[in-house]
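S.K.: Sharing a structure, written as structure tokens. Questions coming.
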Amino acid sequence: MSMVLVLKLKNIRDLNHLKTTVMKKLLLIAALILSVVSNINAQEEKETLNLTIEFFGMKSNKGNLFVALYNTENTFLKKPFKGEIVVIKNKKSIVIFKNLPKGVYAISSFHDENDNKKMDTNFFRIPKEPLGISNNVKGFMGPPKYKDAKFNLDSNKTISIKVD
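Here the numbering used here is used: the first residue of the sequence shown is 1, the next is one more, and so on.
This is the structure:
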């Protein structure tokens, strides 16, 4: 009888040891899975994209093309998120914005034909130089609206904008 009791006690100790070992392994596996998921999420958050814009429709190669990229409605046509000044060749230009986070953007551009580094306007503040806006929108009785010019950047993208 004492032999049976000793075997049962030993089996209970083995069972407790087995439970402890299994729990440790399960915790380790859970920690590894959590670590992998965290790294994947961190990489997705840091993922950046490229936006290529092809401008066309300019009437000459004179001057430069001023390009502004906006990432909020409040800053649209006021304060660009990023900007570029590019030369015009064959009445076309290309701008590439690199390392952009996923998001919603809008673009404005003007052809500075007289190369005075500013957009010339008439007495009523209507632009006298050719303009181009994302989605090729035009303003009606005022500047174009952000809601019409905005687009989603969720993958590397190429868009075309007519400047006229």
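Cβ coordinates follow ideal geometry from the N, Cα and C atoms, glycine included.
Measuring straight from C-alpha to C-alpha, what distance separates R125 and S109?
M.R.: The residue given as residue 125 occupies position 125 in the sequence shown. The residue given as residue 109 occupies position 109 in the sequence shown. Going from the Cα of R125 to the Cα of S109 covers about 16 Å.
S.K.: What are the residues that DSSP puts in a beta bridge with K89?
M.R.: Counted from its first residue, the sequence shown places residue 89 at position 89. Answer by DSSP bridge pairing, in chain order: K92.
S.K.: Taking the C-alpha atoms as reference points, what is the distance between T158 and E54?
M.R.: The sequence position of residue 158 within the sequence shown is 158, counting from 1. The sequence position of residue 54 within the sequence shown is 54, counting from 1. Approximately 7 Å, taken between the alpha carbons.
S.K.: Closest to T48 by C-alpha separation, out of K102, G63 and P130, would be which residue?
M.R.: Within the sequence shown, numbered from 1, the residue matching residue 48 stands at position 48. Answer by Cα proximity: K102.
S.K.: Taking the alpha-carbon of N50 as reference, which of N152, K62, L65 and D164 has the nearest alpha-carbon?
M.R.: Taking the sequence shown and counting its residues from 1, one reaches residue 50 at position 50. The option with the nearest alpha carbon to N50 is N152.
S.K.: Considering only the beta carbon of each residue, do A68 and G57 sit closer than 9 Å?
M.R.: Indexing the sequence shown from 1 puts residue 68 at position 68. Indexing the sequence shown from 1 puts residue 57 at position 57. In this structure, G57 does not lie closer than 9 Å to A68 by Cβ.
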